[in-house]
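Student: Below are the structure tokens for one structure; questions will follow.
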Amino acid sequence: MAKAAAPKASAPPAIPNRERPPEPQRHQADKAELLEYYRQMLLIRRFEERAGQLYGLGLIGGFCHLYIGQEAVAVGLQSALEIGKDSVITGYRDHGHMLAYGIDPKVIMAELTGRQAGISKGKGGSMHMFSVEHRFYGGHGIVGAQVSLGTGLAFKHKYAGDGGVCLAYFGDGAANQGQVYESFNMAELWKLPIIFVIENNQYAMGTSVNRASAEDQLYKRGDSFRIPGIQVDGMDVLAVRGAANTAIEWVRSGKGPVLLELKTYRYRGHSMSDPAKYRSRDEVQAVRDKSDPIEHAKRDLEALGVREDELKAIDKQIRQIVTEAADFAEQMPEPDPSELHTDVLVETY
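The following block contains the structure:
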């Protein structure tokens with residue numbers, strides 16, 4: 001009996017052209033606006049430097065992940081949001097995101113040091129900060145878990161019809177987590193108002209992104225879900241703000257999610273306990289010399305006529321703010337032991 005002929009291979013059907021957001025343009029900021037971005041980035045830098053010192057002194061316990069080097073991401077993105085309308089959720093490297101939202105450095109430092117006056121009553125610490133007032137929903141210690149929670153926040157925005165957008169941060173390491181892709185699928189199916197932000201700081205704990213990711217151009221990770229992706233220079237606050245403008249306009253118009261990959265770099269180890277021996281000092285210094293976000297903004301300000309002494313005066317003011325925050329935290333009492341039983345369970349009837 002003759003065998004049936006094998007089916008001939010055929011080319012896959014062509015994918016129809018998908019609408020995409022326009023190419024982002026670098027944001028055009030006047031002197032006052034750029035000075036504010038510079039001030040916010042410098043506040044994050046000086047705050048995190050002091051947090052590192054307090055950790056070394058034993059005043060901060062547990063894990064502590066510093067944001068030094070990545071300041072342009074949080075400032076550029078969150079400056080485009082509407083506080084009280086939009087929502088933000090992130091992972092455990094969260095101090096910078098809170099500061100970029102204008103939250104009082106004193107209550108953030110008090111939380112880091114486990115004091116009653118902290119924004120989470122001293123019970124969350126470095127990785128679990130929260131502000132209902134600002135719609136800042138954490139600070140999460142489980143890698144990638146915040147992406148699914150952020151998708152839920154976006155669902156709430158759409159369900160309530162409040163016009164809000166969710167900004168969900170995660171890192172290049174979390175980009176390989178399975179729940180991220182389940183979230184992508186639902187977000188695009190339901191056209192949820194969410195901006196997925198990959199802060200690609202090049203190293204997932206101690207492993208470089210090109211050793212851990214088969215596709216290391218992470219902005220392409222949404223392609224199979226028909227989510228448009230944009231790669232952004234995360235060391236340039238005006239490039240970040242320009243990308244934020246484009247993404248927010250797309251999402252608010254009801255076209256569904258956007259994936260932003262912010263190419264950035266962390267100068268310190270993954271956490272304070274990480275000696276970062278997987279990269280050379282020369283590599284870190286080269287990034288500092290060529291791409292530092294604060295120095296980049298400083299050059300732009302000088303081109304707008306801002307003098308060196310004005311920038312030094314800002315630095316002096318920021319250092320004073322950080323010193324006052326550290327002093328405040330050290331003077332505040334620790335939570336009463338009875339606090340162990342509060343904010344654990346909410347009973348609904």
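Residues 1 to 349 (the UniProt record's numbering) are what the sequence shown spells out, left to right. Every residue, glycine too, gets a C-beta built ideally from N, C-alpha and C. All values reported here derive from a predicted model rather than from experimental measurement.
#1: What residue range is occupied by the uninterrupted beta strand (DSSP E) comprising glutamine 231?
#2: From arginine 135 to valine 88, what does the alpha carbon distance come to, in whole angstroms?
#3: Any idea what DSSP makes of glutamate 199, helix, strand or coil?
#4: Considering only the alpha carbon of each residue, which of Tyr101, Ala243 and Glu33 lies closest to glutamine 25?
#5: Identify which residue in Gly62, Ser148, Val73 and Ala32 has its Cα closest to the Cα of glutamate 182.
#6: Indicate, with yes or no, if the ligand ZN has a heavy atom lying under 6 Å from the CB of arginine 45.
#7: Residues in its own chain within less than 8 Å of lysine 298 by CB, not counting five upstream and five downstream?
#8: In angstroms, rounded to a whole number, what distance separates the CA positions of alanine 11 and lysine 156?
#9: Could you tell me the distance, in whole angstroms, from the CA atom of methionine 41 to the CA atom of leucine 81?
#10: Could you tell me whether the stretch 86-105 touches the stretch 300-319, using the rule of 3 or more Cβ pairs below 8 Å?
#11: Between the beta-carbon of arginine 319 and the beta-carbon of arginine 45, is there less than 7 Å?
#12: Who does alanine 174 pair with in a DSSP beta bridge?
#13: What do you reckon, are the CB atoms on proline 257 and isoleucine 227 nearer than 7 Å?
#14: Once DSSP output is grouped into helix, strand and coil, what is the label at tyrosine 181?
#15: Counting Cβ pairs closer than 8 Å, one from the stretch 139-153 and one from the stretch 170-180, do we hit at least three?
#16: Determine the closest residue to serine 338 out of Gly122, Leu66, His128 and Leu218, with distance taken between C-alpha atoms.
#17: For serine 213, collect the residues of the same chain with a Cβ closer than 8 Å to its Cβ; drop the 5 residues on either side in sequence, then sort them by chain order.
#18: How many angstroms separate the CA atom of leucine 99 from the CA atom of glutamate 71?
#19: When you compare the CB positions of serine 271 and histidine 97, do they come within less than 7 Å of one another, or not?
#20: Closest by CA to threonine 264, which one among Ala168, Tyr203, Ala247 and Leu345?
#21: Considering Cα atoms alone, identify which of Asp236, Gly56 and Met127 is closest to histidine 296.
Tutor: Quick answer:
#1: Indexing the sequence shown from 1 puts residue 231 at position 231. Where glutamine 231 is concerned, the enclosing beta strand (DSSP E) stretches over 229-233.
#2: The sequence position of residue 135 within the sequence shown is 135, counting from 1. The sequence position of residue 88 within the sequence shown is 88, counting from 1. Distance between the alpha carbons of arginine 135 and valine 88 is about 6 Å.
#3: Residue 199 sits at position 199 when you count from the first residue of the sequence shown. Three-state DSSP puts glutamate 199 in a strand.
#4: Position 25 of the sequence shown, counted from the first residue, corresponds to residue 25. It is Ala243.
#5: Locating residue 182 in the sequence shown gives position 182, where the first residue counts as 1. Per the Cα distances, Ser148.
#6: As presented, the structure is devoid of all ligands, the ligand ZN included, so that no description of it is given.
#7: The residue you call residue 298 lines up with position 298 of the sequence shown. These residues qualify, in order along the chain: Tyr38 and Leu311.
#8: Taking the first residue of the sequence shown as 1, we reach residue 11 at position 11. Taking the first residue of the sequence shown as 1, we reach residue 156 at position 156. For alanine 11, the pLDDT reaches just 48, beneath the cut-off of 50, and the residue's location in the model is therefore unreliable, although a value from the coordinates is still provided. Those two C-alpha atoms are separated by around 41 Å.
#9: In the sequence shown, residue 41 corresponds to position 41, counting from 1. In the sequence shown, residue 81 corresponds to position 81, counting from 1. So the two alpha carbons sit approximately 17 Å from each other.
#10: no
#11: Reading the sequence shown from its first residue, position 319 is the one you call residue 319. Reading the sequence shown from its first residue, position 45 is the one you call residue 45. No, they are not a contact pair.
#12: Translated into positions along the sequence shown, residue 174 becomes position 174. Its beta-bridge partners do not exist; DSSP assigns none.
#13: Numbered from its first residue, the sequence shown carries residue 257 at position 257. Numbered from its first residue, the sequence shown carries residue 227 at position 227. Cβ atoms of proline 257 and isoleucine 227: closer than 7 Å.
#14: What you label residue 181 is simply residue 181 of the sequence shown in a count that begins at 1. DSSP places tyrosine 181 in helix when its eight states are reduced to three.
#15: yes
#16: As a working note, residue 338 is residue 338 in the sequence shown. Out of Gly122, Leu66, His128 and Leu218, Gly122 has the C-alpha closest to the C-alpha of serine 338.
#17: Residue 213 sits at position 213 when you count from the first residue of the sequence shown. Once the five neighbours on either side are set aside, the close Cβ partners of serine 213 are Asp172, Ala175 and Asn176.
#18: Looking up residue 99 in the sequence shown gives position 99. Looking up residue 71 in the sequence shown gives position 71. Those two C-alpha atoms are separated by around 10 Å.
#19: Here residue 271 corresponds to residue number 271 of the sequence shown, with the count starting at 1. Here residue 97 corresponds to residue number 97 of the sequence shown, with the count starting at 1. Taking 7 Å as the Cβ cut-off, serine 271 and histidine 97 do not qualify as a contacting pair.
#20: For the purposes of this step, residue 264 is taken as the residue at position 264 of the sequence shown. Checked all of Ala168, Tyr203, Ala247 and Leu345; the closest Cα to threonine 264 is Tyr203.
#21: Along the sequence shown, read from residue 1 onward, the residue named residue 296 stands at position 296. Nearest C-alpha to histidine 296: Asp236.
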